[in-house]
Amino acid sequence: MNLITGNSASVKLLTPTQDSRDIINAATRSLDAIWQAGHRYQKAGVMLGISSVRESRSSILFDDNAPRPGSEQLMTVMDTLNAKEGRGTLYFAGQGIQQQWQMKRAMLSPRYTTRSSDLLRVK
């Protein structure tokens, strides 16, 4: 029997992070905590809440996502290459090799507030 279910979980990261690996790890732990075998899931998502600024970092002794050496440089390289060569040029193995689902973009609204190329030009 395939029952459809919905559930949610939240994780508080003790240390602020910009490292995608930490966010993926937290999302995976959350999913493991709420997963119910035998149920079908139709949707999944991750919501991020910002509660501190980058300059206010403090170290916590037993933190799972304590800053790693080279983390900031790695994320910068990934973001730069994906921006230059196209989305998905570099990605984490956990995302899978074959993308089975993509958002339908046929009716995508213009991004006036985030992309200057979408702004209307008046002559």
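The sequence shown: position 29 = 29 (UniProt numbering), numbered continuously.
Glycine residues also receive a C-beta, built at the ideal position from the N, C-alpha and C atoms.
query, result
"Kindly confirm or deny that the region 42-49 and the region 79-88 touch, where touching means at least three C-beta pairs closer than 8 Å.", "no"
"Measuring straight from C-alpha to C-alpha, what distance separates Gln-18 and Pro-110?", "28 Å"
"Evaluate Ala-9 with the Cβ neighbour count: other Cβ atoms within 10 Å of its Cβ, from every protein chain shown; 16 or more gives buried, anything less gives exposed.", "exposed"
"What does the alpha-carbon distance come out to for the pair Gly-70 and Lys-12?", "23 Å"
"Taking the DSSP output, what are the residues bridged to Leu-3?", "His-39"
"Please state the DSSP three-state secondary structure of Ile-23.", "helix"
"Return the CA-CA distance between Ala-37 and Met-103, expressed in angstroms with no decimal places.", "27 Å"
"In angstroms with no decimal places, state the Cα-to-Cα distance between Arg-121 and Phe-92.", "39 Å"
"Please determine, among Arg-21, Leu-90 and Leu-3, the residue with the shortest C-alpha to C-alpha distance to Glu-72.", "Arg-21"
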